[in-house]
Amino acid sequence: MWHKVNFHQLVVQLMPTFLRKPRHISFLMLFSTEIQDVYDNWKEKRKRDLIWLNHNSQVFSMEKILNDEFDNIDRRIRILDSVLYEPQYVWTLGENNPMILYKLNEIQPSDVEDVYLWQDNDYDGGVDFYVALPYQMNVEVLTIQISAVLKRYKLASKRFKLINYE
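Each position in the sequence shown, counted from 1, maps to that position plus 395 in my numbering.
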């Protein structure tokens, strides 16, 4: 590859043969060490940038990135849709299709199917997706790190929230 360079070897190869003595080589190696360090830093950045370019804001891609970075063995981090519960439609009096609502402590007939009403923010929580972390992973500790990774890969208009699951 064009970007694989061994600067220590290059220094020796570019020296005239009559100057290739251990003392001269050691002296020139001092200068090539700094260049080698800059080159190694560049290689690491290139590797990170290639990973960034190979992934996008699709769900499977972000799940892969999060699992690679934070849960490499069990791969339990999931991305969920923003609607956790399907909205339950309750009819009005004018529609003439009554639905009787019972409280939890009231006795209801056995043929009536259970209906649960949730808060408005359970239907639309103000976020576009949830990042579900297992309970073994502490959300409070990883919030900043996971948020930084997600902000790098997600679309700019998308909002998210970290939650725990069993």
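A virtual CB, placed ideally from N, CA and C, is assigned to each residue, including glycine.
This structure is a prediction, so every number in the text was calculated from the model and none was measured.
Please state the DSSP three-state secondary structure of residue i.
i: Asp469; result: coil
i: Asn436; result: helix
i: Leu557; result: strand
i: Pro411; result: coil
i: His450; result: coil
i: Val485; result: coil
i: Val406; result: helix
i: Ser456; result: helix
i: Lys442; result: helix
i: His398; result: coil
i: Ala551; result: coil
i: Lys599; result: This structure leaves residue 599 out entirely; the chain is present only between 396 and 561.
On a CA-only basis, which of the options is nearest residue i? Give me that one, please.
i: Ser360; options: Thr412, Val406, Arg471; result: No information on residue 360 is available, as it lies outside the stretch 396 to 561 that the chain covers here.
i: Val526; options: Ser552, Leu550, Arg547, Ser477; result: Ser477
i: Leu545; options: Gln453, Ile468, Glu429, Thr428; result: Gln453
i: Thr538; options: Asn559, Trp437, Asn449, Val522; result: Asn559
i: Ile541; options: Phe413, Pro417, Met457, Glu429; result: Met457
i: Ser427; options: Pro417, Val536, His403; result: His403
i: Leu409; options: Arg554, Met424, Lys553, Ile468; result: Met424
i: Phe465; options: Lys416, Ala543, Trp437, Thr412; result: Ala543
i: Glu429; options: Leu414, Asn401, Tyr548; result: Asn401
i: Lys553; options: Glu535, Val536, His419, Gly521; result: Gly521
i: Ala551; options: Gln431, Lys416, Glu535, Asp523; result: Asp523
i: Asp435; options: His398, Asn451, Leu414; result: His398
i: Leu557; options: Val485, Arg547, Tyr548, Arg473; result: Arg473
Which residues does DSSP pair with residue i in a beta bridge?
i: Tyr530; result: Tyr530 pairs with nothing; no bridge assigned.
i: Leu475; result: Tyr525
Would you say the beta carbon of residue i comes nearer than 7 Å to a heavy atom of the ligand GDP?
i: Arg418; result: The ligand GDP is absent from the structure shown, which contains no ligand whatsoever.
#### Entry: the stretch 443-452 in contact with the stretch 522-539 per 3-pair CB rule at 8 Å
Verdict: no, contact absent.
### Query
Three or more C-beta pairs closer than 8 Å, one from the stretch 459-471 and one from the stretch 423-441: is that the case here?
Output reads no: the stretch 423-441 does not touch the stretch 459-471.
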